[in-house]
Amino acid sequence: MMICLSDEAAQVAFGDALGRALAGRGVVHLTGELGAGKTTLARGILRAYGHRGAVKSPTYTLVEPYRLAGLQINHFDLYRLGDPEELEFIGARDLFGSDSLNLIEWPSRGAGWLPMPDLVISLSVSGPGRQAHLKAETAYGEAVIERLSVPSVD
Numbered sequence: 100m101m102i103c104l105s106d107e108a109a110q111v112a113f114g115d116a117l118g119r120a121l122a123g124r125g126v127v128h129l130t131g132e133l134g135a136g137k138t139t140l141a142r143g144i145l146r147a148y149g150h151r152g153a154v155k156s157p158t159y160t161l162v163e164p165y166r167l168a169g170l171q172i173n174h175f176d177l178y179r180l181g182d183p184e185e186l187e188f189i190g191a192r193d194l195f196g197s198d199s200l201n202l203i204e205w206p207s208r209g210a211g212w213l214p215m216p217d218l219v220i221s222l223s224v225s226g227p228g229r230q231a232h233l234k235a236e237t238a239y240g241e242a243v244i245e246r247l248s249v250p251s252v253d
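Quick note: the sequence shown uses my numbering, first residue 100, plus one each step.
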């Protein structure tokens, strides 16, 4: 599924719709070049659960946990990860429960250690906007895509 996002507001609105479709659980890999909008999309997803503050990428801490609407949401940024084993040292394995939502930027840096994603979202720059390509990797990911109520371009 391909979705065209005309500007930052559209990207945040899409993230909000995606957050509602995720229903507070799952593993989502966010891919794309620097500046493609992975953190902006994460901000939209967090808004679906009531977060109204700033969202910055946890580049140096690797993970920023949020407790919102009684749900555990973990925002990972693995850009500066030297070795996937570092995730073990920070206790990340405990964060990947079936009752949590995990948003992972730069998942390729955690290859071999991260759990399989339910959904992979690849973002690319398209003029002033972005294109989001969604790919389900599990039955849950397929259900999330089916629940999304946004216009798509296939």
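Glycine residues also receive a C-beta, built at the ideal position from the N, C-alpha and C atoms.
Range of the contiguous beta strand (DSSP E) that encloses residue i
{"i": "Arg229", "result": "Gly228 to Ala235"}
{"i": "Tyr165", "result": "Val162 to Leu167"}
{"i": "Asp182", "result": "Per DSSP, Asp182 belongs to no beta strand (DSSP E) and is neither H nor E."}
{"i": "His174", "result": "Leu170 to Asp176"}
For residue i, the three-state DSSP class (helix, strand or coil)
{"i": "Ile189", "result": "coil"}
{"i": "Thr158", "result": "coil"}
{"i": "Phe195", "result": "coil"}
{"i": "Asp115", "result": "helix"}
{"i": "Gly125", "result": "strand"}
{"i": "Ser105", "result": "coil"}
Status (buried if at least 16 other CB within 10 Å, exposed otherwise) for residue i
{"i": "Gly211", "result": "exposed"}
{"i": "Gly114", "result": "buried"}
{"i": "Asp106", "result": "exposed"}
{"i": "Arg142", "result": "buried"}
{"i": "Arg146", "result": "buried"}
{"i": "Ala238", "result": "exposed"}
Length of the line joining the Cα atoms of residue i and residue j
{"i": "Ala109", "j": "Gly181", "result": "33 Å"}
{"i": "Asp253", "j": "Met100", "result": "The pLDDT assigned to Asp253 is 46, lower than 50, so where the model puts this residue is not dependable; a value taken from the coordinates is nonetheless given after this. Taking the straight line from one Cα to the other gives about 6 Å."}
{"i": "Leu177", "j": "Cys103", "result": "26 Å"}
{"i": "Pro214", "j": "Gly152", "result": "28 Å"}
{"i": "Val243", "j": "Pro157", "result": "25 Å"}
Candidates the options: closest to residue i by CA position
{"i": "Phe195", "options": "Ser207, Asp217 and Ser225", "result": "Asp217"}
{"i": "Leu233", "options": "Arg192, Pro227 and Glu241", "result": "Glu241"}
{"i": "Ala122", "options": "Val111, Ile144 and Ala135", "result": "Ile144"}
Bounding residues of the alpha helix (DSSP H) (the contiguous stretch that carries residue i)
{"i": "Leu140", "result": "Lys137 to Arg146"}
{"i": "Gly242", "result": "The identity of residue 242 in the sequence shown is Ala, whereas the question assumes Gly. First-last of the alpha helix (DSSP H) with Ala242: Ala238 to Arg246."}
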